[in-house]
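Since the structure comes first, as structure tokens, the remarks are kept for the end.
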Amino acid sequence: MTGRIKSGWVWYTKRLGRTILHPQYITNSYQYEAIIEAKRRSRKTMRLVDIGCGRMPYRGEIEPLIAEYIGVDHPDISKLYKSEHPPEVLADAHNLPFKNNSFDITLMLQMIEYLSDPQKAIREAFRVLKKRGTVIATVPFLYAIHDIPYDRGRYTKSMLSDWFTSAGFFRVSLVSQGIFIESWFQMLNVWLFKMIERFVLQSKKDVIIPKLILIFLILMTPPIIIVTNSVVFLYRQLVPVQKRTSDYFPLNYLVIAIK
1 MTGRIKSGWV
11 WYTKRLGRTI
21 LHPQYITNSY
31 QYEAIIEAKR
41 RSRKTMRLVD
51 IGCGRMPYRG
61 EIEPLIAEYI
71 GVDHPDISKL
81 YKSEHPPEVL
91 ADAHNLPFKN
101 NSFDITLMLQ
111 MIEYLSDPQK
121 AIREAFRVLK
131 KRGTVIATVP
141 FLYAIHDIPY
151 DRGRYTKSML
161 SDWFTSAGFF
171 RVSLVSQGIF
181 IESWFQMLNV
191 WLFKMIERFV
201 LQSKKDVIIP
211 KLILIFLILM
221 TPPIIIVTNS
231 VVFLYRQLVP
241 VQKRTSDYFP
251 LNYLVIAIK
């Protein structure tokens with residue numbers, strides 16, 4: 001993204017990210033389930049570390065509920081995200097600069113796909129967590145490649161379960177989020193946005209066809225996104241939550257692991 005497009009995207013996401021007006025409504029709403037879980041487990045005496053914190057869009061909701069919130073991000077990745085709250089610590093998730101048993105809650109939200117050695121990072125998360133502490137992680141599966149070249153992988157439910165169990169967590173809960181139509185609609189919405197971004201750049205050249213395609217996309221994309229998101233919203237209202245998951249075509253995974 002260009003700087004101007006990225007700034008607009010951040011502003012838009014901050015205000016409308018979990019509404020049907022946003023291209024990533026489907027995945028954002030699933031990811032928010034991790035925030036609900038973190039808030040539910042938070043206590044005023046607790047310390048929380050957010051590994052791979054990015055912009056920390058939900059920090060303001062969690063921080064008042066705990067004693068300390070520490071954001072950690074890799075120096076290279078952190079450059080991709082301008083944030084109101086820069087990370088307190090710049091470090092590699094594979095080698096965290098904290099003592100053993102330091103935190104009550106560890107967040108790993110949409111960051112495992114960036115890691116060169118996810119198993120090692122999960123072991124580090126285990127190490128810095130207090131006994132009976134909780135890791136809350138979200139991991140994409142059927143989702144577009146992003147932040148190239150840092151996006152490294154997609155992992156199945158079985159693989160994630162093996163990684164967290166072998167790290168030493170005694171209780172690991174893994175929830176598949178989304179069914180085929182949700183995953184497909186989410187990819188369609190992101191693809192449309194990416195096409196607009198592509199033709200914005202091409203339309204700067206003195207060529208008429210990219211400009212015409214851009215106008216068409218700008219006119220057609222908002223109603224398509226609203227329709228796809230509305231279908232998903234209505235589906236979620238009508239279908240019980242226990243029937244709204246698929247181990248075959250998940251959009252995302254929610255992991256809750258207890259040390």
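Residue numbers (UniProt numbering): 1 to 259.
C-beta atoms are modelled at their ideal positions from N, C-alpha and C, and glycine is treated no differently.
Every value quoted in this text rests on a predicted model; they were computed, and no experiment measured them.
Through-space distance from residue j to residue i, alpha-carbon basis
i, j, result
"L254", "E182", "16 Å"
"E88", "Y25", "29 Å"
"G60", "F249", "32 Å"
"H94", "N100", "14 Å"
"T138", "I208", "43 Å"
"D92", "K243", "38 Å"
"L238", "S230", "12 Å"
"L80", "G17", "19 Å"
"V135", "E63", "17 Å"
"A144", "K194", "10 Å"
Three-way DSSP call (helix, strand, coil) for residue i in this model
i, result
"N252", "strand"
"Y143", "coil"
"G8", "helix"
"L201", "helix"
"T13", "helix"
CB contact below 8 Å: residue i versus chain B
i, result
"K130", "As a matter of chain content, chain B is missing from the structure shown, which is built from one protein chain."
Residue interval of the alpha helix (DSSP H) (run including residue i)
i, result
"M46", "Where M46 is concerned, there is no enclosing alpha helix (DSSP H), given that its DSSP letter is neither H nor E."
"R127", "P118 to V128"
"I36", "Y25 to R41"
"S158", "K157 to A167"
"R55", "Premise fails: R55 is in no alpha helix (DSSP H) and is neither H nor E."
"L217", "I208 to L238"
Residue interval of the beta strand (DSSP E) (run including residue i)
i, result
"T106", "F103 to L109"
"I148", "Run containing I148: none; DSSP gives neither H nor E here."
Proximity below 8 Å, CB of residue i to CB of residue j
i, j, result
"L96", "E68", "no"
"M187", "L142", "yes"
"L217", "L251", "no"
"S246", "I148", "no"
"M46", "I66", "yes"
"V172", "S158", "no"
"F169", "A257", "yes"
"Y58", "Q177", "no"
"N189", "P23", "yes"
query = Do the region 12-29 and the region 151-170 meet, that is, are 3 or more Cβ pairs less than 8 Å apart?
reply = no
message = Check whether the region 219-227 and the region 125-139 are in contact - that is, three or more C-beta pairs closer than 8 Å.
response = Contact fails: fewer than three Cβ-Cβ distances are below 8 Å.
message = With three or more beta-carbon pairs closer than 8 Å as the criterion, would you say the region 183-199 touches the region 37-52?
response = no
key: Cβ pair count under 8 Å reaching 3, the region 110-128 against the region 80-87   = no
inquiry  = Across the region 50-65 and the region 94-114, are there enough close Cβ pairs to call them in contact, namely three or more that are closer than 8 Å?
reply    = The count of Cβ pairs closer than 8 Å, one atom from the region 50-65 and one from the region 94-114, reaches three, so the stretches are in contact.
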